[in-house]
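Enquirer:
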Amino acid sequence: MKINCIVIDDEPLALELVESYIKKIPYLHLKGLFHEPFSAIEMLRSDKVDLIFLDVNMPDISGIEFLKSFDKPPAFIFITAYDQFAVQGFELNALDYLLKPVPFNRFLKASDRAFEMLKPKEPALDGFIFVKSEHNTIKVSLSSIYFIEGYKDYLKIYTDEANPILTLTTLKAFEELLPTSFQRVHRSYIISVSKIISFRSAKVYIRNRYIPIGESYTEQFQRLVVEGRLR
0 MKINCIVIDD EPLALELVES YIKKIPYLHL KGLFHEPFSA IEMLRSDKVD LIFLDVNMPD
60 ISGIEFLKSF DKPPAFIFIT AYDQFAVQGF ELNALDYLLK PVPFNRFLKA SDRAFEMLKP
120 KEPALDGFIF VKSEHNTIKV SLSSIYFIEG YKDYLKIYTD EANPILTLTT LKAFEELLPT
180 SFQRVHRSYI ISVSKIISFR SAKVYIRNRY IPIGESYTEQ FQRLVVEGRL R
């Protein structure tokens, strides 16, 4: 899941800092940087914006007054040098209130909170999906899936059964059907986090097989380890 976000702040250095932080967080997708709120209105009306990182004290209109102008504003996190607006911020249902200068670990914590709030509710692992395989449509329990291996135009789904299920689709399309308890770890592999037996360096061990962790997915996997989500 990607969170589309924008940043509104009248301080150029603050914009640059938040931009650099966003680039380090895989699930955040930066849609735009704005020096004042009114220039962001068109994007907020025409594009899908999930989250705003918003300064409070700006020359023409405060971040608080700007939010009050919307019937249903996107989720937002205040970033400001002034702590006296915190109560008003939380009364408006701010996801968090960050004081400048914001250290990265604090920004990450606020972003993780936004991710948890905004992510779709997962189907339970006793849920299921339907998969087309050859001339049949097969009901596959999510809890039975160990990992999915992608090829150019088809997949192999490894489950409790002896033989993998073959289906004609792409790994990207199949990934969109799965809850976040499944993680992409390589351009050719999606794994069920709950099925991991062990891991080392750039490999995870699942169902008597080592699955490679791609270089571009290493940081995301390490964050799962740090957050204790590999369980």
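Per numbering that gives the first Met the number 0: the sequence shown = residues 0 to 230. Don't be surprised by glycine CBs; every beta carbon is placed ideally from N, CA and C. Predicted, not measured: the structure shown is a model, and the values here were computed from it.
What three-state label does DSSP hand residue 155 in the structure shown?
Expert: For the purposes of this step, residue 155 is identified with residue 156 of the sequence shown, where counting begins at 1. DSSP places residue 155 in strand when its eight states are reduced to three.
Enquirer: For residue 266, count neighbouring C-beta atoms within 10 Å of its own C-beta (all shown protein chains included) and say buried if the count is 16 or more, exposed if not.
Expert: Because the chain spans 0 through 230 in this model, residue 266 falls outside it and cannot be assessed.
Enquirer: What is the rounded straight-line gap between the Cα of residue 89 and the Cα of residue 48?
Expert: As a first step, residue 89 is located in the sequence shown; it is residue number 90 there, counting from the start. As a first step, residue 48 is located in the sequence shown; it is residue number 49 there, counting from the start. Using only the alpha carbons, I get a separation of about 20 Å.
Enquirer: Would you say residue 222 lies against chain B (beta-carbon separation less than 8 Å)?
Expert: Of the chains in the structure shown, none is chain B; there is only one protein chain.
Enquirer: Just the C-alpha distance for residue 107 and residue 152, rounded to the nearest angstrom, thanks.
Expert: Counting from 1 along the sequence shown, the entry for residue 107 is found at position 108. Counting from 1 along the sequence shown, the entry for residue 152 is found at position 153. Rounded to whole angstroms, residue 107 to residue 152 spans 36 Å at the Cα level.
Enquirer: Can you tell me the Cα-Cα spacing of residue 25 and residue 115, whole angstroms?
Expert: On the sequence shown, residue 25 is found 26 positions in, with the first residue counted as 1. On the sequence shown, residue 115 is found 116 positions in, with the first residue counted as 1. Taking the straight line joining both Cα atoms gives about 14 Å.
Enquirer: Would you mind reading off the limits of the alpha helix (DSSP H) that contains residue 11?
Expert: Residue mapping note: residue 11 aligns to position 12 of the sequence shown, counting from 1. Start and end: 11 to 22.
Enquirer: What residues in its chain sit with their C-beta under 8 Å from that of residue 127, if we drop five residues either side in the sequence?
Expert: Here residue 127 corresponds to residue number 128 of the sequence shown, with the count starting at 1. Excluding sequence neighbours, residue 127 sits near 138, 139, 140, 141.
Enquirer: Rounded to whole angstroms, what is the Cα-Cα separation between residue 161 and residue 212?
Expert: Translated into the one-based positions of the sequence shown, residue 161 becomes position 162. Translated into the one-based positions of the sequence shown, residue 212 becomes position 213. Their backbone Cα atoms lie some 24 Å apart in a straight line.
Enquirer: Going by C-alpha to C-alpha distance, which of 93, 46, 83, 78 sits closest to residue 67?
Expert: By one-based count along the sequence shown, residue 67 stands at place 68. Nearest C-alpha to residue 67: 93.
Enquirer: Relative to the C-alpha of residue 158, which residue among 143, 205, 172, 197 is closest?
Expert: Taking the first residue of the sequence shown as position 1, residue 158 is located at position 159. Comparing Cα positions, the closest option is 143.
Enquirer: DSSP three-state label for residue 114, please.
Expert: The sequence position of residue 114 within the sequence shown is 115, counting from 1. If DSSP states are grouped into helix, strand and coil, residue 114 belongs with the helices.
Enquirer: Which of the three DSSP states is assigned to residue 175 in this structure?
Expert: For the purposes of this step, residue 175 is taken as the residue at position 176 of the sequence shown. Coil.
Enquirer: In chain order, what residues of the same chain have a beta carbon less than 7 Å from the beta carbon of residue 12, not counting five sequence neighbours either side?
Expert: As a working mapping, residue 12 is identified with position 13 in the sequence shown. The answer is none, since no qualifying residue turns up.
Enquirer: Residue 44 by DSSP, collapsed to three states: which one?
Expert: Within the sequence shown, numbered from 1, the residue matching residue 44 stands at position 45. The answer is helix: DSSP assigns residue 44 an H, G or I state.
Enquirer: Quick check: residue 50 and residue 2, are their CB atoms within less than 8 Å of each other?
Expert: Start at 1 with the first residue of the sequence shown, and residue 50 comes out as number 51. Start at 1 with the first residue of the sequence shown, and residue 2 comes out as number 3. A contact, by the Cβ cut-off of 8 Å.
Enquirer: Tell me which residue opens and which closes the beta strand (DSSP E) that residue 5 is part of.
Expert: As a first step, residue 5 is located in the sequence shown; it is residue number 6 there, counting from the start. Segment 2 to 7, the beta strand (DSSP E) holding residue 5.
Enquirer: Residue 74 by DSSP, collapsed to three states: which one?
Expert: Within the sequence shown, the letter at position 75 stands for residue 74. In this structure, residue 74 counts as strand in the three-state DSSP scheme.
Enquirer: Could you check what DSSP says for residue 135 in three-state terms: helix, strand or coil?
Expert: As a first step, residue 135 must be located in the sequence shown, where it is residue number 136. Three-state result, residue 135: strand.
Enquirer: Can you tell me whether residue 200 is helix, strand or coil according to DSSP?
Expert: Translated into positions along the sequence shown, residue 200 becomes position 201. Looking at residue 200 - three-state DSSP - the assignment turns out to be coil, as it is neither helix nor strand.
Enquirer: What does the Cβ neighbour count give for residue 145, buried or exposed, with the cut at 16 atoms within 10 Å?
Expert: Taking the first residue of the sequence shown as position 1, residue 145 is located at position 146. Buried, by the Cβ-count rule.
Enquirer: Write down the C-beta distance between residue 184 and residue 216 rounded to the nearest angstrom, noting that I regard them as a contact closer than 8 Å.
Expert: By one-based count along the sequence shown, residue 184 stands at place 185. By one-based count along the sequence shown, residue 216 stands at place 217. That belief holds up - the Cβ atoms of residue 184 and residue 216 are roughly 5 Å apart, short of 8 Å.
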